[in-house]
Structures are given as C-alpha cells and as structure tokens.
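These protein sequences, in sequence, are chains C and X. Okay, so the first sequence: first residue is 153 according to my numbering, each after it adds one. Okay, so the second sequence: first residue is 153 according to my numbering, each after it adds one. Glycine residues also receive a C-beta, built at the ideal position from the N, C-alpha and C atoms. As structure tokens, the structure follows; a few thoughts come after it.
Protein chains: 2
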Amino acid sequence: MADSKPLLSLDGDPAAAEALLQDVFGIVVDEVIRKGTSASEKVCEWKEPEELKQLLDLELRSEGESQEQILERCRAVIRYSVKTCHPRFFNQLFSGLDPHALAGRIVTESLNTSQYTYEIAPVFVLMEEEVLKKLRALVGWSSGDGVFCPGGSISNMYAMNLARYQRYPDCKQRGLRALPPLALFTSKECHYSIKKGAAFLGLGTDSVRIVQADERGKMIPEDLEQQIRLAEAEGAVPFLVSATSGTTVLGAFDPLEAIADVCQRHGLWLHVDAAWGGSVLLSQTHRHLLDGIQRADSVAWNPHKLLSVGLQCSALLLRDTSNLLKRCHGSQASYLFQQDKFYDVTLDTGDKVVQCGRRVDCLKLWLMWKAQGGQGLERRVDQAFALARYLAEELKKREGFELVMEPEFVNVCFWFVPPSLRGKKGSPDYNERLAKRWRPSSRRAW
Amino acid sequence: MADSKPLLSLDGDPAAAEALLQDVFGIVVDEVIRKGTSASEKVCEWKEPEELKQLLDLELRSEGESQEQILERCRAVIRYSVKTCHPRFFNQLFSGLDPHALAGRIVTESLNTSQYTYEIAPVFVLMEEEVLKKLRALVGWSSGDGVFCPGGSISNMYAMNLARYQRYPDCKQRGLRALPPLALFTSKECHYSIKKGAAFLGLGTDSVRIVQADERGKMIPEDLEQQIRLAEAEGAVPFLVSATSGTTVLGAFDPLEAIADVCQRHGLWLHVDAAWGGSVLLSQTHRHLLDGIQRADSVAWNPHKLLSVGLQCSALLLRDTSNLLKRCHGSQASYLFQQDKFYDVTLDTGDKVVQCGRRVDCLKLWLMWKAQGGQGLERRVDQAFALARYLAEELKKREGFELVMEPEFVNVCFWFVPPSLRGKKGSPDYNERLAKRWRPSSRRAW
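Here it is, written out as structure tokens:
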C-alpha cells in the first residue's frame with residue numbers, strides 16, 4: 153500500500169505536478185530573471201500594507217484553489233516583491249543575481265536534505281568540507297574546522313560560545329554561574345549581533361566592552377588594551393575580542409595585526425567578523441585590508457553578501473584542529489549519530505552544530521565557484537571596488553553631495569545636502585539640520 | 153557606469169544566464185521530479201566517501217568551467233545525492249515532495265530577500281504574519297506572536313530565552329551571573345536540542361532536570377511535580393517545562409493538560425516542542441493528542457517535517473501579546489530599523505529575532521496551503537496515521553518482526569528478530585542479543 157503510491161502527487165497526478173513546476177519556473181524566468189533585472193522596470197511595485205494585504209488575499213482557508221489561481225498567486229507574490237536582482241536595488245548588503253548560484257539553489261531545494269549525516273547527504277557533507285577548506289586557505293590556514301551557519305549573527309554567537317568553552321569547558325555542563333564574570337571586546341562600529349549574541353548566550357550585554365574607533369571607524373588597538381585592563385581591574389575575565397573586517401555602515405577594516413598582538417599578550421580568543429569584508433580575501437589587490445586575519449581563532453564570512461550567492465550562506469571558520477566544535481556543541485544523540493555505521497562516522501558532522509536539521513548552504517557557492525573560478529570571483533570583487541571609486545568621484549563632482557570620507561571598501565557614505573544648507577558648512581547647527589532630514593546613506597556600489 | 157550594466161550576467165550575456173537556468177531546471181525535472189520519485193529507480197547511488205570525492209572532483213580552482221561542464225556537475229550532484237522524495241526513502245522525519253511547496257521554494261530563491269523589514273520584504277512580512285496567525289489559531293490562540301526560526305532546535309532555544317527573560321528581564325543586560333540557579337524540566341524522551349540549547353544559552357546542561365516517562369514514552373506529571381520540588385529543595389529556581397508533542401523515536405505525546413496544571417501551580421512557562429507532532433493539529437480526528445496545547449506559553453512546530461514543506465520551516469508560536477519577543481531580542485540597530493520611515497515600523501519584524509538577515513520560510517507553506525486548503529492538509533495527516541496503522545498490522549503478520557508497541561502516531565517502532573533468536577523471547581540474554589545487532593527502527597510511514 154505505502155509502496156505502490158508515488159509520494160509526488162498533485163491530486164494523484166504526477167504529470168500535473170511536473171506541469172505546475174514548469175509553469176512556475178516559466179513565471180520566474182519572465183518576471184524575475186527578465187523583468188526583475190531590467191533597468192526599465194521598477195525595483196518594486198510599492199503598496200501600503202493595508203492595500204497590499206487586500207491585493208494578496210493572504211488568508212488560508214479550508215478549500216484548496218485551482219492551478220490557475222495558484223499560478224496567479226505566484227505572479228502576485230513576485231509583482232509586489234522587491235527585485236533584489238534589479239540594477240537599481242541598493243538597499244542592504246546583498247543584491248544581484250548570479251545565475252550559477254541560483255541554479256545551485258534550485259538543485260538544493262529540489263533535493264531537500266539535511267546536512268547532518270553522510271548517509272543522508274553524502275555529496276553535501278563532502279562538498280561543505282571542501283568549500284570550507286577553500287575559504288580557510290584564503291584566510292591563510294592549511295588546516296582547521298568550520299561549519300555553515302544560518303547567518304552571520306549566529307556565526308558570531310558560535311565564536312563566542314567556542315571561546316568561552318575553550319577557556320571554561322565546565323560551562324557546557326555547569327553554566328555561567330560556575331564562571332567568573334566574563335568580558336568581550338569589540339569596537340563601537342561592530343555589528344549589533346555581538347550584543348544580541350551576548351544576551352542570548354547568557355553573558356548579558358554588559359559583558360560587551362566597547363572599544364573606541366578612529367575617524368575611519370577602525371578599532372583603536374591602544375584603547376582595546378586599555379579596556380582590557382579596565383575590565384580586569386573591575387574583576388572581569390577577558391576572553392574574546394571580536395574585530396570587524398568591513399563594518400556595516402562605514403565599511404571599515406579593523407587593524408588585525410595590532411589587535412592580534414594585543415590578543416596574544418593577554419591570551420584572548422580573536423574572532424574576526426568578516427561577514428561583509430571576508431570576500432575581499434579573493435582579491436590579490438585588496439586582500440591586504442585583512443592582513444593578520446590568519447592569526448585569528450575564528451572568522452565569520454558571509455558569501456551571501458558581497459559574492460551574491462543568495463541568502464543564507466554564512467561560514468564560521470576555525471583555526472582549531474582539536475575538534476573543539478564537536479566537543480563544545482556535541483550531544484551524541486544516539487538515534488541520529490549511531491557509532492556503529494558502515495562508514496567513517498566522523499563524516500556525520502551534525503553534532504558540530506546547535507541545530508539538528510540544517511539546510512545545505514554549500515552547493516550554490518561551490519557551483520558558482522566552479523563556473524567562475526577563483527579568478528572570476530576575484531574580478532568581481534575588484535570591479536566592486538572600482539565601481540565604489542567611480543561613485544565617490546562622481547559624488548565629488550555633483551552639487552549638493554558631500555562625501556563623508558574616501559571609501560576604502562565598497563561602502564560609499566555621503567550626504568545629500570538640501571539647497572537650504574548648501575554653502576553653510578561650519579555654521580553652528582549645520583550637522584544637526586543635515587542629520588535631521590537626511591540620514592547618511594551607505595550604498596553598495598555593485 | 154554602474155547603472156548601464158545589468159547585474160545578471162553570464163560573461164556579460166543575460167540570454168546565456170537564462171539558458172543555463174532553463175537547462176538546470178530541465179535536469180531537475182528529469183533527475184529529481186521524474187526519476188527521483190520513481191520506485192523503479194534507486195533511493196541513492198551509494199558510494200564510499202573516497203570514491204565519491206573522486207567522482208565529484210570537488211576541488212575549487214582558479215579557472216572557471218564551461219557551461220557543459222557545469223551542467224554535468226549538476227547531474228552528478230543529483231545522481232549521488234539521496235532522493236528524499238523517493239517512495240522508499242524512510243530515513244529521518246522528512247520526506248516526500250510537495251510540488252506546490254517546491255514551487256514556493258523556487259520563487260523564494262529567485263526573489264532572494266531577507267525577512268527583516270517591510271521595505272525589503274513587503275509581501276513576506278505580511279505573509280509570515282498571516283501564516284503564523286493560522287498556526288496560532290490551530291493551537292487555539294486568537295492572538296499572540298511568533299517567528300520562523302532556522303529549525304526546531306533554535307525555536308526551542310528561543311522559548312528558553314523568552315522564559316528566562318520574562319522572569320528575569322535583567323538577564324539580557326547583566327547575564328546569568330545576576331540570577332539564581334535556574335532549572336528547566338523535560339522528559340527523558342525529549343529531543344536532544346533541549347540540552348544543547350541549555351548549554352548554548354549559558355544555563356548549562358545541569359540545569360535540565362529529566363522527568364520520567366511512562367512505558368509509552370509520555371512524561372509522568374507526578375514525577376514532574378516531584379522533580380520541581382527536588383530542584384527547589386536544592387536551591388534552584390524552576391522557570392520552564394518543555395513538554396514534547398511527538399517524541400523523536402516513539403512518537404509519544406506528553407499529557408499537556410496535566411502538565412499545564414503543574415505549570416500553573418508553580419508559575420512555570422510551558423513550552424511545547426511540537427516540532428514533529430504539531431501538524432496533527434490539522435486533523436479533527438487526531439488533534440486530541442495535543443489537548444491542552446492552548447495552555448502553553450510557546451509552541452515549536454516544524455511544517456518541514458510531517459507536512460513535507462521542505463527544509464527549513466520551523467515556527468515558534470507565542471501566546472504573549474506584550475511584545476516579549478522584541479523586548480527580549482531587540483537591539484534597535486539604527487542603520488536597519490530607523491524609526492522615521494514612511495510606514496508603520498512595527499512591520500519591521502527583524503528585531504524580534506537574534507538573526508539579522510533571515511530567510512523567507514513562509515511562502516512555501518502558504519502556497520501549499522492555498523493549493524491544498526486546510527482540508528487537503530488534514531487528509532494527508534489522516535492518511536499518514538492510516539499508513540502507520542497498516543504497517544503495524546503488516547508487521548504483526550510477518551515472521552521475524554516484533555512490534556515494540558502499538559503506534560499512537562506515525563512512528564512505527566519494531567525489531568527485526570534474526571532467525572537465531574526467534575522463539576527465544578524471555579531467555580536471559582534475548583534483549584541484549586537483539587539490541588547488539590539490530591537497533592529498533594523508527595520509521596515514518598508516509
């Protein structure tokens with residue numbers, strides 16, 4: 153009975169299922185791949201929330217709908233969604249559409265598996281390790297460990313949890329109450345996930361000590377040293393420094409060599425949040441911005457940002473070779489990670505993570521890399537830098553635009569100066585009036 | 153310069169990009185949708201890891217590859233992957249392929265956006281809320297809150313974090329050191345993510361008190377009461393009970409009414425891990441298994457399991473109407489959640505979560521629901537129960553098979569008794585010898 157019936161069915165008709173998917177794919181090609189990437193179309197058909205609710209008819213009912221209605225629903229979803237692949241989409245740090253990456257995502261979705269064991273994901277267990285190895289090599293490590301996480305915020309949390317576990321393995325069993333008060337350090341320009349992570353992990357946001365940044369937004373190593381001393385004087389135990397390679401707003405790169413020196417002197421775990429800037433490692437011309445990253449203990453790097461691989465693709469990379477990831481997170485669930493399987497069970501990587509089921513995030517990056525080659529990806533990164541430079545030069549030429557600073561990365565920060573304020577820079581309330589109506593815009597150039 | 157060039161390009165040729173995607177989609181249809189669901193094909197072309205590595209040629213190089221090579225790589229990835237949509241795939245608690253859900257996943261991937269603000273995901277912000285509202289209504293709540301998380305383990309962690317924050321809001325800032333020792337309670341049959349979560353959140357695995365289960369794997373409320381008293385006597389502060397609706401191995405449903413009574417008496421947060429069993433709420437016939445769930449404070453429910461929506465689709469549902477989720481997790485990052493936008497910023501739901509970028513997980517479920525209707529989904533759940541019943545009856549008739557217990561849900565647990573042990577039940581080393589070579593198999597019938 154169970155065996156005689158195919159699981160794929162659309163009212164019992166496999167051919168109809170295939171036809172539906174063909175139709176939906178046709179809509180995707182027309183509405184996203186063609187129109188969504190055309191500069192003559194809108195980035196978004198904007199609607200106010202109440203109107204959009206009515207247009208979409210979101211309610212879920214008892215009765216099912218016809219295939220024609222379902223296709224119309226797909227069209228409506230696309231019509232009113234933001235086309236993040238549009239050439240004029242400049243919101244947030246992801247955009248563009250790489251066709252190979254999208255191909256990888258479609259294959260991933262169709263295969264629908266979880267990354268936890270070799271028996272259920274043989275290709276992807278091996279592939280993830282190969283991709284992580286490549287990313288580690290770009291960091292400068294010939295060995296190590298790592299895992300893909302559901303986004304950079306969780307990658308950063310992993311780093312915090314690993315750092316405290318390495319110092320206090322007891323914490324896993326006994327909790328933070330068994331530990332002295334801990335302190336971690338990051339600059340005031342860091343991503344907000346550091347504080348969110350500290351709260352979630354039970355450390356509390358007070359454990360995050362803010363280090364001053366210079367006028368370009370880079371952490372000041374001398375202030376880091378001072379904050380460490382201050383924390384110690386207050387009775388806290390410093391355990392981690394989170395440096396940032398590519399801050400969210402200014403695109404600043406913290407001076408990793410100097411920070412690594414401080415960490416070495418004080419015996420602290422160095423985490424580099426390179427979620428945004430990590431992809432610069434692909435460029436021979438620009439990778440000097442991350443000099444010293446090889447001295448880090450952990451690195452978070454999101455190819456879904458600068459490399460346009462698609463959400464989510466966030467690697468946490470580790471220099472560790474002592475199986476720290478598994479020791480810290482493992483729980484040896486016997487129903488899933490049996491030890492008497494007929495293959496090498498170290499391939500069952502699921503116990504390295506705090507998730508159980510885990511999406512496959514490696515194929516899209518792997519396939520794009522195979523197609524473009526490291527050289528192709530390098531050209532893209534270099535082109536993004538060139539476009540940012542071009543934009544900065546254009547802004548300088550145009551009346552009413554004021555560059556906040558010369559870009560070092562692909563973030564170009566500028567003010568639009570309204571006519572009423574032009575020529576009045578230096579007047580007492582200039583900055584206040586500028587900020588009141590016009591926020592600095594951080595725009596990704598590519 | 154930046155504006156004149158489409159972002160979608162394959163060596164500068166948009167038509168080639170479209171052709172690539174058409175070709176890859178054709179491969180997906182042939183190899184996954186047709187062959188992958190055919191009982192006359194293999195579930196998996198099994199290869200040992202070393203051989204598979206060679207077959208896949210995983211290495212990432214400097215040079216890119218031709219389109220023909222890329223297509224061949226897609227074929228190879230599919231060839232050696234497990235077909236989780238195959239009618240004979242019985243590993244883990246997800247399987248099958250719903251064509252509407254897959255259509256939703258393909259649209260999601262092509263639109264590639266993040267769930268954090270209305271301006272970047274207008275359709276999906278509204279849709280997520282509508283889907284969560286529907287799931288909450290099935291739980292029995294006319295109001296509340298919720299969010300989709302990257303898997304049930306993280307949904308469970310959210311519940312733990314919310315429960316401790318509600319009791320000790322100070323914890324967010326000051327950390328666990330400012331709190332008394334906490335205790336949470338769950339049965340010995342609970343999912344391993346409860347312990348993983350306790351470790352990750354800094355509570356420590358010791359804070360998880362294990363409650364006894366009866367012979368069917370259901371938590372014993374009297375023992376829960378006793379464990380609470382014991383914890384209090386030891387100086388710990390009970391704050392949360394995590395009941396399970398659909399345990400991983402036996403498929404047991406904890407008695408929620410009785411557990412809710414205990415929680416009420418002691419003022420404890422009741423979380424229900426219904427990752428596996430939550431979908432039973434769709435069935436009028438079987439939803440009594442979750443009677444009392446409306447008294448929970450939070451529920452984790454993974455439609456990617458029983459409803460075959462595809463990884464990942466995990467809802468955390470809350471009865472709370474006091475904005476607890478945002479107060480607990482929010483950090484008011486000013487670059488993303490500006491307060492002076494031109495629409496109602498309560499629609500910017502991104503600050504409810506500990507992630508920053510967050511995948512869209514609602515469309516696939518919404519589209520499938522629109523197509524099938526609640527009635528269609530109910531029929532599927534009922535069919536799964538019927539198939540489990542059928543399998544249990546078949547096992548009773550066949551020599552060499554021993555049912556562990558009558559199934560109450562769709563988990564059918566049985567032993568295969570090797571010929572050498574048949575007829576020897578009750579002999580001194582019977583159980584030991586049975587367990588040594590043959591593990592109990594938990595199989596999803598549908």
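Do G528/X and G216/C have their C-beta atoms closer together than 8 Å? yes
Please tell me whether D297/X has its Cβ less than 8 Å away from any Cβ of chain C. no
Distance, Cα to Cα, G292/C vs L314/C? 20 Å
In the DSSP assignment, find the unbroken alpha helix (DSSP H) run with T260/C in it and report its ends. 251-263
Between the C-alpha atoms of Y268/X and V277/X, what's the straight-line distance to the nearest angstrom? 8 Å
So is P302/X in contact with chain C if we call contact Cβ pairs under 8 Å? yes
Suppose the cutoff is 8 Å on Cβ atoms and the five residues either side in sequence are ignored; what does the same chain contact list for P158/X look like? A caution first: P158/X carries a pLDDT of 40, below 50, which makes its placement in the model unreliable, though a value can still be read off. Excluding residues within five positions, the ones whose Cβ falls inside 8 Å are P166.
Counting Cβ pairs closer than 8 Å, one from the segment 482-501 of chain C and one from the segment 179-197 of chain X, do we hit at least three? no
For S579/C and L573/C, what's the separation of their Cα atoms in angstroms? 9 Å
Is Q484/X buried or exposed, if buried means 16 or more other CB atoms sit within 10 Å of its CB? exposed
Note down, in chain order, all residues in the segment 415-442 of chain C with a beta-carbon under 7 Å from any beta-carbon belonging to chain X. none
So which of Q378/X, C323/X, A448/X has the shortest CA-CA distance to K348/C? C323/X
Distance, Cα to Cα, P592/C vs V569/C? Confidence in P592/C is poor, its pLDDT being 47 and thus under 50, which makes the residue's placement unreliable; the coordinate value appears in the next sentence. Going from the Cα of P592/C to the Cα of V569/C covers about 10 Å.
Just confirm the distance between the C-beta atoms of V176/X and C226/X, as a whole number of angstroms; I'd bet it's less than 8 Å. 5 Å
Identify the residues that DSSP records as bridge partners of R361/C: which are they? F337/C
Residue from L331/X, G327/X, L355/X, N454/X with nearest C-alpha to F337/X: L355/X
Would you tell me roughly how many angstroms separate the C-alpha atoms of T498/C and R186/C, rounded to the nearest one? 44 Å
Within chain X, partners of F337/C - CB distance below 7 Å: Near F337/C there are no residues of chain X at all, since even the closest Cβ is about 16 Å away, more than 7 Å.
Can you pull out the residues from the segment 358-375 of chain C whose beta carbon lies closer than 9 Å to at least one beta carbon of chain X? D358, S359
Exposure label - F553/X; buried when at least 16 CB within 10 Å: exposed
How many angstroms separate the CA atom of D366/X from the CA atom of L402/X? 12 Å
For R329/X, go through chain C and note every residue whose CB falls closer than 7 Å to its CB, in chain order. L328, R329, P333
Within 10 angstroms of the Cβ of P251/C, are there 16 or more other Cβ atoms? Answer buried if so, exposed if not. buried
May I have the straight-line CA-CA distance separating D413/X from R447/X, to the nearest angstrom? 9 Å
If R326/C sits next to D449/X, beta carbons under 8 Å apart, how far is it from one beta carbon to the other, in whole angstroms? With a Cβ gap of about 27 Å, R326/C and D449/X do not count as contacting.
Span of the beta strand (DSSP E), counted from its first residue to its last, around E551/X: Here E551/X belongs to no beta strand (DSSP E), and DSSP marks it neither H nor E.
Taking Cβ-Cβ distances below 8 Å as the criterion, which residues of the segment 192-212 of chain X are in contact with chain C? C196, W198, K199, E200, P201, L204, K205, L208, L210, E211, L212
Would you call the CB atoms of L434/X and L290/X closer than 8 Å? yes
Would you say E584/C reaches chain X, if we count a Cβ-Cβ gap shorter than 8 Å as a contact? no
Going along the chain, which unbroken runs of the beta strand (DSSP E) with 3 or more residues stay wholly within the segment 443-528 of chain C? 450-453, 466-470
Bridge partners - D425/X, DSSP secondary structure assignment: T396/X, A452/X
Going by CA-CA distance only, name the one from P321/X, A410/X, L459/X, L463/X that's closest to L441/X. A410/X
For K516/C and G429/C, believed in contact at Cβ under 8 Å, the rounded distance: That belief does not hold up - the Cβ atoms of G429/C and K516/C are roughly 20 Å apart, past 8 Å.
Here's the rule: buried if 16 or more other CB atoms are within 10 angstroms of the residue's CB, otherwise exposed. What is T606/X? Because chain X spans 153 through 598 in this model, residue 606/X falls outside it and cannot be assessed.
Got a sec, what are the start and stop residues for the beta strand (DSSP E) N563/X sits in? 563-568
Against chain X, does V184/C count as a neighbour if the rule is that its beta carbon must be under 8 Å from one of theirs? yes
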